[in-house]
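Chemist:
Residue numbers (my numbering): 1 to 114.
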(Lines of atoms letter the chains of each structure in order from A; the text may use other names.)
(Lines give C-alpha, C1' and ligand atoms only; values in the text may rest on other atoms or scores of the structure.)
Protein backbone atom coordinates (compact mmCIF):
# COMPACT_ATOMS: atom_id res chain seq x y z
CA UNK A 1 0.00 0.00 0.00
CA UNK A 2 2.75 2.47 0.95
CA UNK A 3 4.69 1.70 -2.22
CA UNK A 4 1.64 2.26 -4.39
CA UNK A 5 0.87 5.57 -2.68
CA UNK A 6 4.52 6.60 -2.97
CA UNK A 7 4.58 5.85 -6.70
CA UNK A 8 1.36 7.80 -7.18
CA UNK A 9 2.86 10.81 -5.42
CA UNK A 10 6.05 10.54 -7.49
CA UNK A 11 4.03 10.42 -10.71
CA UNK A 12 1.99 13.42 -9.56
CA UNK A 13 5.30 15.20 -8.83
CA UNK A 14 4.38 15.67 -5.18
CA UNK A 15 7.48 13.74 -4.12
CA UNK A 16 10.87 14.64 -5.54
CA UNK A 17 14.39 13.30 -5.02
CA UNK A 18 14.77 15.45 -1.90
CA UNK A 19 11.86 13.69 -0.19
CA UNK A 20 13.24 10.30 -1.20
CA UNK A 21 16.59 11.18 0.38
CA UNK A 22 14.88 12.39 3.56
CA UNK A 23 12.76 9.21 3.61
CA UNK A 24 15.92 7.13 3.31
CA UNK A 25 17.47 9.15 6.11
CA UNK A 26 14.44 8.46 8.34
CA UNK A 27 14.75 4.75 7.53
CA UNK A 28 18.44 4.71 8.43
CA UNK A 29 17.83 6.61 11.69
CA UNK A 30 15.08 4.21 12.77
CA UNK A 31 17.31 1.25 11.86
CA UNK A 32 20.13 2.83 13.87
CA UNK A 33 17.90 3.20 16.92
CA UNK A 34 16.82 -0.42 16.64
CA UNK A 35 20.45 -1.54 16.37
CA UNK A 36 21.36 0.65 19.33
CA UNK A 37 18.58 -0.91 21.39
CA UNK A 38 20.11 -4.35 20.80
CA UNK A 39 23.57 -3.08 21.73
CA UNK A 40 22.20 -1.57 24.94
CA UNK A 41 20.30 -4.76 25.81
CA UNK A 42 23.40 -6.86 25.14
CA UNK A 43 21.42 -9.87 24.02
CA UNK A 44 18.67 -10.62 21.58
CA UNK A 45 16.00 -13.24 21.29
CA UNK A 46 16.65 -15.13 18.05
CA UNK A 47 13.37 -14.13 16.41
CA UNK A 48 13.20 -10.62 17.85
CA UNK A 49 14.35 -8.85 14.65
CA UNK A 50 11.57 -10.57 12.73
CA UNK A 51 9.10 -8.74 14.97
CA UNK A 52 10.91 -5.57 16.05
CA UNK A 53 11.99 -4.44 12.58
CA UNK A 54 8.55 -4.52 10.92
CA UNK A 55 6.84 -3.04 13.96
CA UNK A 56 9.28 -0.15 14.34
CA UNK A 57 10.02 0.49 10.66
CA UNK A 58 6.65 -0.17 9.02
CA UNK A 59 3.66 -0.51 11.36
CA UNK A 60 4.32 2.38 13.77
CA UNK A 61 5.30 4.84 10.99
CA UNK A 62 2.25 3.75 8.99
CA UNK A 63 0.02 4.41 12.00
CA UNK A 64 1.53 7.87 12.38
CA UNK A 65 1.16 8.45 8.62
CA UNK A 66 -2.49 7.43 8.73
CA UNK A 67 -3.19 9.85 11.57
CA UNK A 68 -1.36 12.88 10.13
CA UNK A 69 -1.94 12.52 6.37
CA UNK A 70 -5.25 14.36 6.46
CA UNK A 71 -3.92 17.28 8.46
CA UNK A 72 -4.45 20.82 7.20
CA UNK A 73 -0.97 21.86 8.32
CA UNK A 74 1.50 21.94 5.39
CA UNK A 75 4.47 20.84 7.53
CA UNK A 76 2.53 17.91 8.93
CA UNK A 77 1.46 16.83 5.43
CA UNK A 78 5.08 17.06 4.27
CA UNK A 79 6.17 14.93 7.22
CA UNK A 80 3.49 12.36 6.37
CA UNK A 81 4.88 12.11 2.83
CA UNK A 82 8.37 11.57 4.23
CA UNK A 83 7.02 8.80 6.45
CA UNK A 84 5.29 7.23 3.47
CA UNK A 85 8.56 7.20 1.52
CA UNK A 86 10.37 5.79 4.54
CA UNK A 87 7.81 2.98 4.89
CA UNK A 88 8.14 2.09 1.21
CA UNK A 89 11.93 2.10 1.36
CA UNK A 90 11.89 0.05 4.57
CA UNK A 91 9.73 -2.56 2.87
CA UNK A 92 11.94 -2.78 -0.20
CA UNK A 93 15.19 -2.77 1.78
CA UNK A 94 13.73 -5.31 4.22
CA UNK A 95 13.06 -7.71 1.37
CA UNK A 96 16.42 -7.20 -0.29
CA UNK A 97 18.59 -7.21 2.84
CA UNK A 98 16.63 -9.65 4.98
CA UNK A 99 19.66 -11.34 6.55
CA UNK A 100 21.75 -8.20 7.09
CA UNK A 101 20.38 -7.44 10.53
CA UNK A 102 21.05 -10.98 11.76
CA UNK A 103 24.62 -10.67 10.45
CA UNK A 104 24.92 -7.27 12.17
CA UNK A 105 23.87 -8.82 15.47
CA UNK A 106 26.57 -11.47 15.05
CA UNK A 107 29.15 -8.84 14.04
CA UNK A 108 28.42 -6.70 17.10
CA UNK A 109 28.84 -9.78 19.31
CA UNK A 110 25.35 -9.59 20.72
CA UNK A 111 24.35 -12.82 22.41
CA UNK A 112 21.36 -14.56 20.84
CA UNK A 113 19.07 -16.75 22.87
CA UNK A 114 16.14 -18.93 21.87
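Where a beta carbon is used, it is the ideal one built from N, C-alpha and C, also for glycine.
Can you name, in chain order, every residue of its own chain whose Cβ lies under 7 Å from the Cβ of residue 44, other than the five neighbours on each side?
Modeler: 38, 105, 110 and 112.
Chemist: Which of the three DSSP states, helix, strand or coil, is assigned to residue 111?
Modeler: The answer is strand: DSSP assigns residue 111 an E or B state.
Chemist: For the putative contact between residue 24 and residue 95, defined by C-beta atoms under 8 Å, what is the C-beta separation to the nearest angstrom?
Modeler: Actually they are not in contact, since the Cβ atoms of residue 24 and residue 95 sit about 16 Å apart, beyond 8 Å.
Chemist: Return the first residue and the last residue of the beta strand (DSSP E) that residue 44 is part of.
Modeler: Looking at the DSSP string, the run of the beta strand (DSSP E) that includes residue 44 is 43-45.
Chemist: Just list the beta strand (DSSP E) runs in the stretch 24-71, keeping only unbroken ones of 3 residues or longer that don't cross its boundaries, in chain order.
Modeler: The stretch 24-71 contains these whole beta strand (DSSP E) runs: 43-45.
Chemist: State the start and end residues of the unbroken alpha helix (DSSP H) segment that holds residue 79.
Modeler: Note, residue 79: alpha helix (DSSP H), 74-96.
Chemist: Check whether the stretch 53-60 touches the stretch 71-91, counting contact only when three or more Cβ pairs, one atom from each stretch, lie closer than 8 Å.
Modeler: The stretch 53-60 vs the stretch 71-91: in contact.
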